[in-house]
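Student: Sharing a structure, written as structure tokens. Questions coming.
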Amino acid sequence: MISSYNEWDTLKKVVVGRADHANWPVHDPVYRKEAENSAWKETPAPSGPVEQWIINETEEDLHKLCEALVLAGVEVVRPDPLNFQTHDGLYNYCPRDRLLVYGDTVVDTAMMYPCRDMEYQCYVDIIEDAKRVIHMPRNEGMILDAANVLRLNDKMLMLESASGNRAAYEWLCKQFPKVEIELCNFYSGVHIDSTVVPLREGLVLLNASRVNEKNCPKVFNGWNKIYINDVVAQNFHNYPYASKWIALNMLVLNTSTVIVDKNQTELIKALETWKFDVIPLELRHSRTLGGGFHCVTLDLIRSAK
Numbered sequence: 014m015i016s017s018y019n020e021w022d023t024l025k026k027v028v029v030g031r032a033d034h035a036n037w038p039v040h041d042p043v044y045r046k047e048a049e050n051s052a053w054k055e056t057p058a059p060s061g062p063v064e065q066w067i068i069n070e071t072e073e074d075l076h077k078l079c080e081a082l083v084l085a086g087v088e089v090v091r092p093d094p095l096n097f098q099t100h101d102g103l104y105n106y107c108p109r110d111r112l113l114v115y116g117d118t119v120v121d122t123a124m125m126y127p128c129r130d131m132e133y134q135c136y137v138d139i140i141e142d143a144k145r146v147i148h149m150p151r152n153e154g155m156i157l158d159a160a161n162v163l164r165l166n167d168k169m170l171m172l173e174s175a176s177g178n179r180a181a182y183e184w185l186c187k188q189f190p191k192v193e194i195e196l197c198n199f200y201s202g203v204h205i206d207s208t209v210v211p212l213r214e215g216l217v218l219l220n221a222s223r224v225n226e227k228n229c230p231k232v233f234n235g236w237n238k239i240y241i242n243d244v245v246a247q248n249f250h251n252y253p254y255a256s257k258w259i260a261l262n263m264l265v266l267n268t269s270t271v272i273v274d275k276n277q278t279e280l281i282k283a284l285e286t287w288k289f290d291v292i293p294l295e296l297r298h299s300r301t302l303g304g305g306f307h308c309v310t311l312d313l314i315r316s317a318k
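In the working numbering, the protein residues as written are 14 to 318.
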């Protein structure tokens with residue numbers, strides 16, 4: 014069974030990604046073009062296999078995340094391994110990017126980087142319990158990384174950006190005609206989950222450098238809002254695949270418990286003010302590899318009970 018309608022109900026089953034054989038694609042034309050156009054100019058974009066010591070340390074951190082989840086009563090599954098270095102792919106470190114789960118449906122999205130299509134094969138066995146699997150058409154002008162979308166029960170919020178375009182939004186609306194899907198475009202980067210974090214029904218955490226009262230999505234009208242003005246910038250190796258705002262990329266376990274980067278003391282204080290129990294962990298290479306706790310997980314089952 015797969016069933017997950019929002020970002021905050023009690024997490025029962027989850028996918029945690031892998032860093033094994035992580036790679037920076039050499040021949041994917043979209044990846045290489047984005048690398049050339051990056052705003053970061055101090056060091057060149059990486060190419061080829063990720064350094065093994067980074068992979069090893071990341072696997073250590075992911076193992077600690079798995080342990081914390083199991084201790085919290087969550088069933089953890091991992092994607093099948095694949096040698097992305099041999100196949101000139103990226104990784105399956107970030108399952109949230111690859112698949113969109115809404116209710117008992119899984120959407121196989123047409124991702125920004127074509128080479129990431131190969132990641133789907135790592136999840137085939139995991140998603141066999143889905144009632145419906147929808148494959149977004151390729152080569153028809155649609156681009157969507159699943160991490161552009163947040164689930165809010167009978168509504169969704171999708172970020173229009175380099176990794177999610179209007180054609181994909183229109184297609185998604187047709188697949189879920191009973192769901193109100195709001196399109197926002199307040200951020201020119203890629204995924205939404207370092208900008209908007211729904212914590213529970215009626216409470217959302219927002220990146221104040223990108224969102225304000227004027228451009229805040231309408232779906233949050235009437236919600237309490239926690240605006241975060243700054244975070245502790247994590248270290249990275251040579252090239253930052255993610256900005257410092259990856260620090261906001263947290264995993265909600267239930268309406269009162271969140272997993273947060275342990276270095277974010279002010280953020281943790283803000284969450285505790287709202288009566289959250291915070292589990293402080295660390296992904297040492299979240300900026301290097303481009304994924305925080307929300308990115309490296311994929312909800313399979315959440316329950317309001």
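C-beta atoms are modelled at their ideal positions from N, C-alpha and C, and glycine is treated no differently.
Please report the distance separating the alpha-carbon of Ser207 from that of Thr99.
Tutor: Along the sequence shown, read from residue 1 onward, the residue named residue 207 stands at position 194. Along the sequence shown, read from residue 1 onward, the residue named residue 99 stands at position 86. For Ser207 and Thr99, the gap between their C-alpha atoms comes out near 31 Å.
Student: I think Glu173 touches Cys197, with their Cβ atoms under 8 Å apart; what is that distance to the nearest whole Å?
Tutor: The residue you call residue 173 lines up with position 160 of the sequence shown. The residue you call residue 197 lines up with position 184 of the sequence shown. Contact flag correct, Cβ pair sits at about 7 Å.
Student: If I'm right that Glu195 touches Val224 with Cβ under 8 Å, what's the distance once you round it to whole angstroms?
Tutor: Position 182 of the sequence shown, counted from the first residue, corresponds to residue 195. Position 211 of the sequence shown, counted from the first residue, corresponds to residue 224. At roughly 13 Å, the Cβ-Cβ gap does not stay under 8 Å, so Glu195 and Val224 are not in contact.
Student: Can you tell me whether Ser316 is buried or exposed, with buried defined as 16 or more other CB within 10 angstroms of its CB?
Tutor: Along the sequence shown, one-based indexing puts residue 316 at 303. Under this definition Ser316 is an exposed residue.
Student: Does DSSP classify Ser207 as helix, strand or coil?
Tutor: By one-based count along the sequence shown, residue 207 stands at place 194. Of the three classes helix, strand and coil, the one that applies to Ser207 here is coil, per DSSP.
Student: Under 6 Å from any heavy atom of the ligand SAH, does the C-beta of Glu49 make it?
Tutor: Within the structure as shown, the ligand SAH is missing, as the structure has no ligands at all.
Student: Going by DSSP in three states, Tyr240 sits in which element: helix, strand or coil?
Tutor: Position 227 of the sequence shown, counted from the first residue, corresponds to residue 240. Three-state DSSP puts Tyr240 in a strand.
Student: For a minimum of 3 consecutive residues, which ranges assigned as the beta strand (DSSP E) are wholly contained in the segment 141 to 214?
Tutor: The segment 141 to 214 contains these whole beta strand (DSSP E) runs: 145 to 148, 162 to 165, 168 to 172, 193 to 197, 209 to 213.
Student: Could one say the Cβ of Glu73 lies closer than 7 Å to chain D's Cβ atoms, at least one of them?
Tutor: No chain D is part of this structure, which consists of one protein chain only.
Student: Tell whether a beta-carbon distance below 7 Å holds between Leu264 and His307.
Tutor: Locating residue 264 in the sequence shown gives position 251, where the first residue counts as 1. Locating residue 307 in the sequence shown gives position 294, where the first residue counts as 1. Yes. Within cutoff.
Student: Given a threshold of 16 other Cβ atoms within 10 Å of its Cβ, counted over all protein chains shown, does Leu84 qualify as buried or as exposed?
Tutor: On the sequence shown, position 71 is the one that residue 84 refers to. The residue is exposed, with fewer than 16 neighbouring Cβ atoms inside 10 Å.
Student: By the DSSP assignment, the alpha helix (DSSP H) with Asp335 in it spans what residues?
Tutor: For residue 335 there is no data in the structure shown, the boundaries of the chain being 14 and 318.
Student: For Trp66, is the classification buried or exposed, using 16 other Cβ atoms within 10 angstroms of its Cβ as the cut-off for buried?
Tutor: Mapped onto the sequence shown, residue 66 falls at position 53. Counting Cβ neighbours within 10 Å, Trp66 comes out exposed, since fewer than 16 surround it.
Student: Here's a check: name, in chain order, each residue in its chain whose Cβ is nearer than 7 Å to the Cβ of Leu311, leaving out the five neighbours to either side.
Tutor: The residue you call residue 311 lines up with position 298 of the sequence shown. Counting only Cβ-Cβ distances below 7 Å, and skipping sequence neighbours, we find Val27, Val28, Pro108, Arg109, Leu112, Val114.
Student: Rounded C-beta distance between Ala48 and Ala32? I'm assuming under 8 Å.
Tutor: Stepping through the sequence shown from its first residue, residue 48 is reached at position 35. Stepping through the sequence shown from its first residue, residue 32 is reached at position 19. The pair is not a contact, with the Cβ atoms about 20 Å apart (cut-off 8 Å).
Student: Helix, strand or coil for Val83? Go by DSSP, reduced to three states.
Tutor: The sequence position of residue 83 within the sequence shown is 70, counting from 1. Three-state result, Val83: helix.
Student: Under the rule that 16 or more other beta-carbon atoms within 10 Å means buried, what is Trp53, buried or exposed?
Tutor: The sequence position of residue 53 within the sequence shown is 40, counting from 1. With fewer than 16 other Cβ atoms within 10 Å, it is exposed.
Student: From the DSSP output, in three-state form, read off Ile226 for me.
Tutor: The sequence position of residue 226 within the sequence shown is 213, counting from 1. The displayed chain sequence assigns Glu, not Ile, to residue 226. Three-state DSSP puts Glu226 in coil, outside helix and strand.
Student: Spatial neighbours of Ala143 within its chain, please: C-beta separation below 7 Å, excluding the five flanking residues on both sides.
Tutor: As a working note, residue 143 is residue 130 in the sequence shown. Excluding residues within five positions, the ones whose Cβ falls inside 7 Å are Ile15, Asp117, Thr118, Val119.
Student: Can you give me the Cβ contacts of Thr23 inside the same chain, cut-off strictly under 6 Å, excluding the 5 residues immediately before and after it?
Tutor: Here residue 23 is taken as the residue at index 10 of the sequence shown, counted from 1. For Thr23, where only same-chain residues beyond five positions count, the Cβ hits under 6 Å are Asn267, Ser316.
Student: Please state whether DSSP places Trp37 in a helix, a strand or coil.
Tutor: As a working note, residue 37 is residue 24 in the sequence shown. Trp37 falls in the strand class under three-state DSSP.
Student: Tell me which residue opens and which closes the alpha helix (DSSP H) that Glu55 is part of.
Tutor: In the sequence shown, counting from the first residue as 1, residue 55 sits at position 42. Careful: Glu55 lies outside any alpha helix (DSSP H) and carries neither H nor E.
Student: Strictly by DSSP, which residues pair up with Ile68?
Tutor: Residue 68 sits at position 55 when you count from the first residue of the sequence shown. Answer is none; Ile68 lacks a bridge partner.
Student: On a CA-only basis, which of His250, His34, Leu216, Asp290 is nearest Arg334? Give me that one, please.
Tutor: This structure leaves residue 334 out entirely; the chain is present only between 14 and 318.
Student: Does the structure place the segment 144 to 158 close enough to the segment 119 to 128 that three or more beta carbon pairs sit under 8 Å?
Tutor: yes
Student: Just to confirm my understanding: we take Val273, look at its own chain, exclude 5 residues before and 5 after, and list those with CB closer than 8 Å. What are they?
Tutor: Within the sequence shown, the letter at position 260 stands for residue 273. The answer, listed in chain order, is Met263, Leu280, Ile281, Leu284, Val291, Ile292, Pro293, Leu294, Phe306.
Student: Do you know offhand how far Gly304's Cα is from Ala255's?
Tutor: For the purposes of this step, residue 304 is taken as the residue at position 291 of the sequence shown. For the purposes of this step, residue 255 is taken as the residue at position 242 of the sequence shown. Straight-line Cα distance between these residues: approximately 7 Å.
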